[in-house]
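Numbering (this note's numbering), first residue to last: 1 to 255. Every residue, glycine too, gets a C-beta built ideally from N, C-alpha and C. Predicted, not measured: the structure shown is a model, and the values here were computed from it.
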Amino acid sequence: MFIMAALTALGHLCTEAPFGKLRKERISPWWGPLLPAGIAWFLLEVPNLLGALSVALTCPRADCRQLTVNGFLLMMFLIHYINRSIVYPLRTRGRGTPLAIVLMAMGFCTYNSTMQAHHLCYVARFDSGDGAALLRLILLVAGSLLFLIGFIINVQSDAHLINLRKASTSAGGRPDDHYTMPTGALFEYVSCANYFGESLEWSGYALAAGSLPALSFAVYTWSFLGPRALQQHGWYRAKFDDYPKSRKAIIPWLL
1 MFIMAALTAL
11 GHLCTEAPFG
21 KLRKERISPW
31 WGPLLPAGIA
41 WFLLEVPNLL
51 GALSVALTCP
61 RADCRQLTVN
71 GFLLMMFLIH
81 YINRSIVYPL
91 RTRGRGTPLA
101 IVLMAMGFCT
111 YNSTMQAHHL
121 CYVARFDSGD
131 GAALLRLILL
141 VAGSLLFLIG
151 FIINVQSDAH
161 LINLRKASTS
171 AGGRPDDHYT
181 MPTGALFEYV
191 SCANYFGESL
201 EWSGYALAAG
211 SLPALSFAVY
221 TWSFLGPRAL
231 QQHGWYRAKF
241 DDYPKSRKAI
251 IPWLL
């Protein structure tokens with residue numbers, strides 16, 4: 001997945017994936033028909049739930065389904081994607097997403113979810129009593145707290161953007177193309193607070209899990225959302241003449 005992360009970052013630096021606010025009115029027919037935002041989000045994210053659950057429920061080891069470290073980490077993964085694949089699609093009313101984008105995302109999510117769950121259910125061991133146990137406990141607690149902070153930021157930022165869109169459409173804007181400059185909370189510091197929150201989540205997950213699969217997912221998340229945030233930051237600055245010059249793209253005060 002590290003190679004995939006590098007290719008993804010390079011691809012996003014060379015072109016803009018045509019979904020969300022970066023989708024132009026006319027795009028190549030190669031991308032396929034447009035799916036409504038809620039349906040698209042459900043289809044591309046639900047493989048995360050199905051993939052992880054299918055591995056966990058068929059695993060002969062019971063500790064990934066119990067209140068163990070393995071089960072706790074799997075629960076973190078599932079909680080994020082319950083929100084992302086069920087709750088969020090029911091609330092969002094964004095622009096249509098091309099079918100090709102949805103299919104590519106479904107493929108990645110299926111691969112990643114089964115990889116993460118397989119490692120937790122078949123490979124990872126957290127019951128050793130050696131001298132490194134204390135360090136692993138510290139990393140587990142620190143990573144879990146970082147995940148929780150990122151999850152809260154992500155959910156609150158998504159809700160803020162959804163409410164902005166509802167307010168703009170109530171005032172006469174079109175739900176598919178009317179955007180308002182986000183302000184308040186972390187949006188005072190970055191253009192894509194939702195991306196920052198999600199990146200923190202998976203960084204925390206990687207810290208807590210202490211595994212290569214978790215680390216590769218965190219790296220991939222930054223490689224995808226980082227360039228995407230830079231593109232959206234440029235879009236905001238071009239659209240709004242009064243856009244704050246001090247605001248960064250994804251990391252407060254840095255990037």
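Rounded Cβ spacing between cysteine 109 and proline 47 (contact assumed at less than 8 angstroms): Contact check for cysteine 109 and proline 47: beta-carbon distance about 4 angstroms, within the 8 angstroms limit, so the pair qualifies.
State the start and end residues of the unbroken alpha helix (DSSP H) segment that holds histidine 119. Neither: histidine 119 is in no alpha helix (DSSP H) and is coded neither H nor E.
Run through the region 35-59 for me and flag every whole alpha helix (DSSP H) of 4 or more residues, listed as ranges in chain order. 37-58
Rounded to the nearest angstrom, how far is the Cβ of tyrosine 195 from that of leucine 225, given a contact under 8 angstroms? 4 angstroms
Fully enclosed by the region 192-221, which beta strand (DSSP E) runs are 3 residues long or longer? none
Does proline 244 come out as helix, strand or coil in the three-state DSSP assignment? coil
Cβ-based neighbour list, aspartate 242, same chain, cut-off 7 angstroms, excluding 5 preceding and 5 following: none
Do arginine 165 and arginine 93 have their C-beta atoms closer together than 8 angstroms? yes
Would the beta-carbon of tryptophan 222 fall within 8 angstroms of that of serine 199? yes
Tell me, please, whether the region 136-156 touches the region 28-46 by the rule of three or more beta-carbon pairs shorter than 8 angstroms. no
Can you give the beta carbon distance from alanine 208 to serine 157, rounded, assuming they're within the 8 angstroms contact cut? So it is not a contact: roughly 22 angstroms between Cβ atoms.
Rounded separation between leucine 161 and phenylalanine 72 - CA only: 30 angstroms
Same chain, Cβ closer than 8 angstroms to serine 31, five either side skipped, listed in chain order: The residue you asked about is not serine; residue 31 is tryptophan in the sequence shown. Excluding sequence neighbours, tryptophan 31 sits near Pro18, Pro98, Leu99, Ala100 and Ile101.
So the candidates are Lys21, Gln116, Arg95 and Gly96; which of them puts its Cα closest to the Cα of isoleucine 49? Sequence inspection shows leucine at residue 49; the isoleucine mentioned does not correspond to that position. The candidate whose alpha carbon is nearest that of leucine 49 is Gln116.
Identify the continuous alpha helix (DSSP H) that holds tyrosine 81 and give its terminal residues. 69-82
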